[in-house]
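Student:
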Amino acid sequence: MQPDLKGFSVAVIGGDAREVILAERLAVLGATVRVVALPVREQVNIKHCLDPADGLEGVEAVILPIPGINDRGQVYAAYLDRPLILSEQHFKLLPAGTPVFTGIAKPLLKKMAADAGLVLIEIMELDEVAILNSIPSAEGALQIAMENTPITIHGSNSLVIGFGRTGMTLARTLKALGAGTMVVARGSASRARALEMGLDTADFTDLPGAVHSADIIFNTVPALVLNEKVLNRIPREALIVDIASSPGGTDFPAAEKLGIKAILAPGLPGKVAPKTAGKVLARVVPGLLAERLALKLN
Numbered sequence: 015m016q017p018d019l020k021g022f023s024v025a026v027i028g029g030d031a032r033e034v035i036l037a038e039r040l041a042v043l044g045a046t047v048r049v050v051a052l053p054v055r056e057q058v059n060i061k062h063c064l065d066p067a068d069g070l071e072g073v074e075a076v077i078l079p080i081p082g083i084n085d086r087g088q089v090y091a092a093y094l095d096r097p098l099i100l101s102e103q104h105f106k107l108l109p110a111g112t113p114v115f116t117g118i119a120k121p122l123l124k125k126m127a128a129d130a131g132l133v134l135i136e137i138m139e140l141d142e143v144a145i146l147n148s149i150p151s152a153e154g155a156l157q158i159a160m161e162n163t164p165i166t167i168h169g170s171n172s173l174v175i176g177f178g179r180t181g182m183t184l185a186r187t188l189k190a191l192g193a194g195t196m197v198v199a200r201g202s203a204s205r206a207r208a209l210e211m212g213l214d215t216a217d218f219t220d221l222p223g224a225v226h227s228a229d230i231i232f233n234t235v236p237a238l239v240l241n242e243k244v245l246n247r248i249p250r251e252a253l254i255v256d257i258a259s260s261p262g263g264t265d266f267p268a269a270e271k272l273g274i275k276a277i278l279a280p281g282l283p284g285k286v287a288p289k290t291a292g293k294v295l296a297r298v299v300p301g302l303l304a305e306r307l308a309l310k311l312n
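So that you can map any letter, position 187 of the sequence shown is 201 in my numbering, and since no number is skipped, the others follow by simple counting.
1. Skipping 5 residues on each side, what residues in its chain have a beta carbon closer than 7 Å to that of Arg-55?
2. Measure the beta-carbon distance from Leu-240 to Thr-264 and round it to whole angstroms, keeping in mind my assumption that it falls under 8 Å.
3. Contact between the region 192 to 209 and the region 167 to 181 is defined here as three or more beta-carbon pairs at a separation below 8 Å; is this criterion met?
4. Using 8 Å as the cut-off, can you tell me whether the region 207 to 224 makes contact with the region 260 to 277, which would need three or more C-beta pairs spanning the two stretches below that distance?
5. Between Leu-94 and the rest of its own chain, which residues show a CB-CB distance below 6 Å, the 5 nearest in sequence each way excluded?
6. Taking DSSP as the reference, what is the three-state secondary structure of Ile-313?
7. Counting only beta-carbon separations shorter than 7 Å, does Pro-97 have a partner in chain C?
8. How long is the line joining the alpha carbons of Lys-289 and Gly-111, rounded to whole angstroms?
9. The beta strand (DSSP E) spanning Glu-136 covers which residue range?
10. Would you check if there are 3 or more beta carbon pairs closer than 8 Å linking the region 151 to 159 to the region 131 to 140?
11. By DSSP, does Phe-218 sit in helix, in strand, or in coil?
12. By the three-class DSSP mapping on this structure, what secondary structure does Ser-23 have?
13. Output the distance between the C-alpha atoms of Ala-91 and Val-133, rounded to the nearest integer angstrom.
14. Have a look at Arg-86, Ile-60 and Ile-274 and flag the residue whose alpha-carbon is nearest the alpha-carbon of Pro-121.
15. DSSP on Arg-200, reduced to helix/strand/coil?
16. Identify, in the order they occur along the chain, each residue of the same chain with its Cβ nearer than 8 Å to the Cβ of Lys-61, setting aside the five sequence neighbours on each side.
17. Report back the beta-carbon spacing between Leu-272 and Val-244 to the nearest angstrom; my notes put them in contact at under 8 Å.
18. Secondary structure at Thr-187, three-state DSSP: helix, strand or coil?
19. Can you look up Lys-124 in the DSSP assignment and give me helix, strand or coil?
20. What are the start and end residues of the alpha helix (DSSP H) that includes Phe-105?
21. Does the beta-carbon of Glu-142, which I'm using as the reference point, lie nearer than 6 Å to any heavy atom of the ligand HEM?
22. Residues in the same chain with beta-carbon distance under 7 Å from Val-286, minus the five sequence neighbours each way, listed in chain order, please.
23. Taking 7 Å as the cut-off, decide whether the C-beta atoms of Phe-115 and Glu-74 are in contact.
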């Protein structure tokens, strides 16, 4: 059961099909929703605003896209053909303590929110969002692999770097499809879980050896793990699918120089399954919003 949001005002600024689904759900639950740069269906309690200043007027909470704001202050806005900028001045229009939801917060957004006294909530840090989001991420990674290799997933030697929420879902799916699957994980507990799932495992210190016989390498770690030294051990016909947050965990210039095909593919849920990803947000965010607004009122 979802909360009654009648009487609350929320801004949804930028985004893609995921945020469209979320904004429409918030309106169904009774919230007054001010949207910027989103083609949301007309409803009595939805107001389309031309710019962020108008969108933020009088709201009690703000929802930004899953990718958030880049280091130039530009909001991800798939439906806008010009930059959508949020500045410190915009955030200072909001009362201190206003909750601001985003998927992943880069340093600029964190600084602007802190300077304005706002409460920043990174929803991709929450298991209830990230675990469900790992499903379209894994499916999208497999789609890329199938489109860019001359072999089947079944019978391939596949390597998954990182065994967090997405890495675990991806490794499980690869094994179910008949791939020989190895997981590279830092923690002993993660490697133990992978062994329990019937997967081969390696520590990061063993990464140069682990990549040596891989047909497909999936990276989920947002740090430079596939550096030039490691890339030199990878077969030239292998494929790297890097689904970590941009800029990924691969030395892409080095991969190109070595003739290894490496594809950076962050944010797959919004690209391959936006409706499903939007439904995840619509299921989880209203409850988070109600909790934060209740705390603010108290």
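Glycine included, every Cβ here is placed at the ideal spot set by N, Cα and C.
Tutor: This is what the structure holds:
1. So the qualifying residues of the chain are Glu-38.
2. The distance from the Cβ of Leu-240 to that of Thr-264 is about 4 Å, consistent with a contact at the 8 Å cut-off.
3. These segments touch.
4. No, the region 207 to 224 is not in contact with the region 260 to 277.
5. Excluding sequence positions up to five before and after Leu-94, its CB lies within less than 6 Å of the CB of Ala-51, all in the same chain and listed in chain order.
6. No statement about residue 313 is possible, as the shown extent of the chain runs from 15 to 312 and does not include it.
7. Among the chains in the structure shown there is no chain C, since it carries only a single protein chain.
8. Taking the straight line from one Cα to the other gives about 31 Å.
9. Per DSSP, the continuous beta strand (DSSP E) segment holding Glu-136 begins and ends at 133 to 136.
10. Touching, no.
11. The three-state secondary structure of Phe-218, taken from DSSP, is helix.
12. Reduced to three states, the DSSP call for Ser-23 is strand.
13. The alpha-carbon separation between Ala-91 and Val-133 amounts to approximately 22 Å.
14. Nearest C-alpha to Pro-121: Arg-86.
15. DSSP places Arg-200 in coil when its eight states are reduced to three.
16. Thr-46, Val-47, Arg-48 and Val-49, listed in sequence order.
17. Actually they are not in contact, since the Cβ atoms of Leu-272 and Val-244 sit about 11 Å apart, beyond 8 Å.
18. Helix, per DSSP.
19. It is helical.
20. Bounds of the alpha helix (DSSP H) holding Phe-105 are 102 to 105.
21. Among the ligands in the structure shown, none appear at all, so the ligand HEM cannot be discussed.
22. For Val-286, where only same-chain residues beyond five positions count, the Cβ hits under 7 Å are Pro-150, Glu-153, Gly-154 and Gln-157.
23. No, these two residues do not count as a Cβ contact at 7 Å.
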